[in-house]
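Please read the structure below before turning to the comments.
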């Protein structure tokens, strides 16, 4: 007598696996009615997942664009303009303003808003003494304008 063997189901490879609802519906053709209904439910669920993935991908790309806009650019070291003092002097001469007195002068040097130095040089009256009085203030500030208590060593 011949033995009947049940045929093994066809091997499905990853290339044969349906990835879209259209492919699932194509598989449902030429099947029985209850099988087609099950395939229809599977296709409907797959469509919902496809929509969800598409919405999430659109959201991710939008957020990546926002991050690219908000990301700070590369920091560059600010180079102070050495001609700033001379430009201010030229403007003062052009407008006809008086230059600072030689008896008491105040020179202010502003370097990139981070380091602020002020030197005051005062000359005492001739009848008091011939000594010069030099007062030096050195005040460093942060970008926000707060005064630095302990400046860096250089």
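Residue numbers (UniProt numbering): 1 to 154. Where is the CB? At the ideal position from N, CA and C, for every residue including glycine.
Pick out whichever of 69, 61, 88, 19 has its Cα sitting closest to the Cα of residue 48.
19
Quick check on residue 31: does DSSP put it in helix, strand or coil?
In the structure shown, residue 31 sits in coil (DSSP, three-state: anything other than H, G, I, E or B).
From residue 69 to residue 58, what distance separates their C-alpha atoms?
17 Å
Please state whether DSSP places residue 3 in a helix, a strand or coil.
Residue state, collapsed to three classes: coil.
Can you tell me the Cβ-Cβ gap for residue 24 and residue 54, rounded? I've got them flagged as a contact below 8 Å.
Not really, about 17 Å apart at Cβ, beyond 8 Å.
Around the C-beta of residue 144, are 16 or more other C-beta atoms found within 10 angstroms, so that it is buried, or is it exposed?
exposed
Residues in its own chain within less than 6 Å of residue 21 by CB, not counting five upstream and five downstream?
43, 46, 47
Does any residue of chain C bring its CB to less than 7 Å from the CB of residue 16?
Protein chains in the displayed structure number just one, and chain C is not present.
C-alpha distance - residue 35 paired with residue 41, whole-angstrom precision
10 Å
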